[in-house]
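Undergrad:
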Amino acid sequence: MAAAISAPWNYALIRFFIGCAGATFVTNQFWCSLMFAPNVIGTANATAAGWGNLGGGVTQIFMISVLFNPMTSSGMEADTAWRVAMIVPAVLFVITAACLKLLCWDTPTAKRFDVSVTGKTKKPSLWDYVEVCSDFRVLVMIMQYSACFGTELAMNNQLATHFRTYFQMDAADASALAGAFGLMNLFARSLGGITSDILFKYMGFRGRIWAQFLSLFFEAIFLFCFGLVDNSQPWYVALAVLVCFSLFVQMAEGTSYGIVPFMNRPQLAVVSALVGAGGNLGAVIAGFCFYRPIDDPLLPFQVHAGYVMFWALLSPCYYWEEHGGMFHGPKEVTSDKSEAKDGTGRTLAALAWSARLQARTSIFLADRANKFEPIVFLTPAHNISQPCATRDGKIVDGRIALSTALWDTSLEMPGRQDATEVDARDANTPDKWIKRHPDMLRNTGAHPFNSEPPLKNLQAAGWITPPALYVVRNHGAVPQLSWSEHRLKITGVPKPVELSMEQIASGEWGTIVSIPVTFICAGNRRKEQNLTKKTVGFDWGAGAVGNSVWTGVRLCDLLAAVGITRPSKEHRFVHFEGPLGELPQGKTGSYGTSIDLGWALDRERDVLLAFKQNGELLTPDHGFPLRTLLPGCIGGRMIKWLSSMWVSDKPSENHYHYFDNRVLPPHVDADLAYAEGWWYKPEYIINHMNINSAMFEPRHNSFVEEKNLPKTIKVSGYGYTGGG
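Each number in our numbering corresponds to the 1-based position in the sequence shown with 101 added.
1. Spell out a yes or no on whether the stretch 602-618 and the stretch 650-661 are touching, meaning 3 or more CB-CB pairs, one atom from each, closer than 8 Å.
2. Output needed for residue 374: all residues of its chain with C-beta closer than 6 Å, excluding positions within five of it in sequence on either side, in chain order.
3. Among residues of its own chain, excluding the 5 on either side of residue 607, which ones have a beta-carbon nearer than 7 Å to its beta-carbon?
4. Classify residue 230 as helix, strand or coil using the three-state DSSP reduction.
5. Helix, strand or coil for residue 196 per DSSP?
6. Evaluate residue 806 with the Cβ neighbour count: other Cβ atoms within 10 Å of its Cβ, from every protein chain shown; 16 or more gives buried, anything less gives exposed.
7. Could you tell me the boundaries of the beta strand (DSSP E) in which residue 674 lies?
8. Hey, residue 267 and residue 398: beta-carbon distance below 8 Å or not?
9. Kindly indicate the opening and closing residues of the alpha helix (DSSP H) around residue 629.
10. For the alpha helix (DSSP H) that residue 244 lies in, which residues bound it at each end?
11. Taking the straight line between their C-alpha atoms, what separation do you get for residue 593 and residue 703?
12. In angstroms with no decimal places, state the Cα-to-Cα distance between residue 817 and residue 797.
13. According to DSSP, simplified to helix, strand and coil, what is residue 205?
14. Jot down the residue ranges of each uninterrupted alpha helix (DSSP H) in the stretch 109-174, minimum 4 residues, whole runs only, in chain order.
15. Unbroken alpha helix (DSSP H) runs of length 4 or more, entirely within the stretch 336-378: which are they?
16. For residue 526, which three-state DSSP category applies?
17. Taking DSSP as the reference, what is the three-state secondary structure of residue 723?
18. By the three-class DSSP mapping on this structure, what secondary structure does residue 188 have?
19. If residue 736 sits next to residue 621, beta carbons under 8 Å apart, how far is it from one beta carbon to the other, in whole angstroms?
20. Which residues in the same chain as residue 329 place their Cβ atom closer than 8 Å to its Cβ, once the five residues preceding and following it in sequence are excluded?
21. On the three-state DSSP scale, how would you describe residue 710?
22. Tell me whether the stretch 765-774 and the stretch 703-723 touch, counting them as touching only if at least three CB pairs, one residue from each stretch, are closer than 8 Å.
23. According to DSSP, simplified to helix, strand and coil, what is residue 742?
24. For the candidate residues 626, 690, 689 and 744, whose alpha-carbon lies nearest to that of residue 791?
25. Among 555, 233 and 742, which has the Cα closest to the Cα of residue 365?
26. Which residues bound the alpha helix (DSSP H) around residue 410?
27. With H, G and I counted as helix, E and B as strand and the rest as coil, what does DSSP make of residue 822?
28. What is the DSSP secondary structure of residue 431, reduced to helix, strand or coil?
29. Please list the terminal residues of the continuous beta strand (DSSP E) segment that includes residue 397.
30. Can you tell me where the beta strand (DSSP E) with residue 795 in it begins and where it stops?
31. Thinking C-beta only, is residue 662 closer than 8 Å to residue 611?
32. Exposed or buried, what is residue 581 when buried is set at 16 or more other beta-carbons lying within 10 Å of its beta-carbon?
33. Between which two residues does the beta strand (DSSP E) harbouring residue 551 extend?
34. Tell me the rounded alpha-carbon separation between residue 523 and residue 556.
35. Is DSSP giving residue 543 helix, strand or coil here?
36. Quick one: residues in its chain with C-beta nearer than 8 Å to the C-beta of residue 240, no 5 flanking neighbours on either side, listed in chain order?
Right under this line is the structure:
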């Protein structure tokens with residue numbers, strides 16, 4: 102169409118369509134943000150965009166030197182030569198579009214995009230733009246992008262003219278020098294993304310902000326210096342300064358791409374669109390400098406350098422509680438009694454109330470002023486056609502978001518019950534370095550540590566069980582791990598990665614949430630079973646249960662970040678294992694298991710990789726620094742000291758996956774189970790918690806004399822379900 106322009110309205114129409122084509126920059130950035138892992142997202146976005154803009158520099162050289170000049174030299178009129186030259190990029194556009202449509206997928210594992218990948222829960226609307234623009238950090242990013250990409254656009258338009266008129270160069274040489282500015286996109290923008298990713302690796306999210314600030318700062322410095330090079334100096338002095346300026350202006354664009362994907366993940370498309378538009382806005386703003394009738398041709402460069410510096414100095418405005426800022430890391434979650442927060446402003450007491458209404462979480466019977474408080478169970482079966490009753494008796498239509506529902510409560514958090522010293526019983530064991538509560542009951546002797554609290558302690562702890570009084574099931578010695586050195590290795594996925602704890606806790610790899618969850622040892626109350634018929638498991642009382650607020654990254658988000666968004670023939674199970682060689686049994690000496698990938702990807706199941714319990718880092722007995730958390734699942738399927746994770750088409754073959762936590766028919770004893778392979782039959786595996794309950798008061802074997810019988814008897818205890 103451009104080759105057929107014959108009137109001003111044709112030109113205006115073509116410019117309109119070119120603007121529409123330019124919007125593909127936004128879809129490209131959004132696509133790259135979905136396709137690549139968070140630790141390389143800056144590099145991926147910057148390289149894609151940089152090589153795209155590389156076309157600007159290539160076009161300046163190619164259109165004139167390879168097409169236009171040879172055509173005019175052969176006798177073709179200039180007007181005709183330009184029109185013919187326009188056809189070449191048109192053909193390239195068609196070829197590229199065909200390849201994109203036929204060869205590419207929307208995500209690493211799906212041909213079609215599902216909006217839930219970003220965490221967006223409502224339909225797109227124009228109101229999304231209003232919502233996003235209400236965040237001043239997005240506005241700052243829009244203007245910072247105007248100060249880098251907008252400046253690049255303005256310089257692309259100005260440089261050839263500047264060298265031709267100010268330095269009195271011929272058109273071919275001037276366009277060649279201007280083309281060098283565009284050719285920097287070959288690596289400079291990628292360098293910005295790489296710098297952002299490297300600083301993120303060592304400094305966390307603040308590293309990305311520092312990369313952005315420094316790139317903009319030096320862009321402003323070298324732009325100002327370019328404005329000081331007058332025509333009394335050789336042209337190559339201006340070129341040298343221009344190369345330095347070009348390096349930083351395009352690095353700033355690359356560092357922007359390291360921040361944008363994390364500003365508002367559910368609204369990633371809108372943020373990308375607005376920031377991309379900010380680049381064009383910057384070109385318009387720059388135009389006010391370069392196209393005003395000013396006698397000094399260098400002054401516009403100096404003035405615009407001030408504009409860039411202004412926005413660079415606003416980089417400290419970037420701060421998110423989950424990411425941190427330029428001078429601060431992510432906000433730490435405290436656990437100081439009832440005022441502890443989960444990161445969204447909700448108290449742990451309020452979360453505990455929410456826990457009571459989760460089908461996957463325990464329901465403790467309340468003793469409030471000696472009055473029994475009835476409790477309503479909400480299960481995943483409650484959908485839009487089944488109203489649910491809340492605490493105050495109101496009927497709520499629609500599905501309840503189990504992990505985010507909040508009911509006001511006057512309940513207070515109990516006092517903390519910390520383990521302050523090493524128990525003497527551990528003195529001659531490998532666990533002699535671990536502090537443990539002295540009241541914990543040991544069911545297998547001194548070592549390994551398999552322990553539960555007395556029921557009176559569990560009752561006294563209240564709604565939230567302290568880590569020191571939480572049931573512990575260990576198969577061997579507790580590994581001594583370091584937060585700074587521990588790594589989680591993820592393989593069997595499109596984008597394998599090895600993550601540090603800082604990266605996991607930063608929120609860059611998935612949403613960080615705090616969720617109240619009860620989990621148990623599958624042997625809870627086994628002592629009563631063993632009194633009826635002896636099992637292969639040791640005795641557990643009724644205290645092998647606890648309820649805490651767990652903080653971690655959503656596994657579904659993390660899997661999406663490494664390229665897994667849905668099950669496939671090759672991807673059916675997620676495997677988890679602890680440190681290699683920690684245990685005497687099994688090929689690898691590690692405790693491992695697997696779950697269905699569909700379970701792991703189901704956002705409603707709230708599967709976490711947890712690193713905090715009740716607002717504090719995990720204790721050694723509970724998996725420091727990282728463990729899996731599967732609400733509604735038995736504790737035996739939750740891996741402590743998580744070290745490796747992978748996705749495959751087969752379930753785990755780990756020794757403990759097969760030989761722990763199975764319920765076999767009554768006639769099958771241990772010898773027969775080994776001889777006939779009963780351990781390997783999937784129908785006998787235990788995953789989900791079973792319905793169970795126990796009484797705190799009246800206590801076991803206690804009596805109430807009829808003559809002293811009061812009007813009311815205090816009754817308290819706990820109950821829990823699994824999946825509803």
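Every residue, glycine too, gets a C-beta built ideally from N, C-alpha and C.
TA: Inspection of the coordinates gives the following:
1. yes
2. 127
3. 305, 306, 424 and 431
4. helix
5. helix
6. exposed
7. 674-678
8. yes
9. 627-633
10. 237-266
11. 19 Å
12. 5 Å
13. coil
14. 109-123, 125-136, 142-162 and 170-174
15. 336-360
16. helix
17. helix
18. helix
19. 6 Å
20. 399 and 403
21. strand
22. no
23. coil
24. 626
25. 233
26. 400-413
27. coil
28. coil
29. Segment: none, residue 397 is in no beta strand (DSSP E) and carries neither H nor E.
30. 793-798
31. yes
32. exposed
33. 551-553
34. 22 Å
35. strand
36. 234
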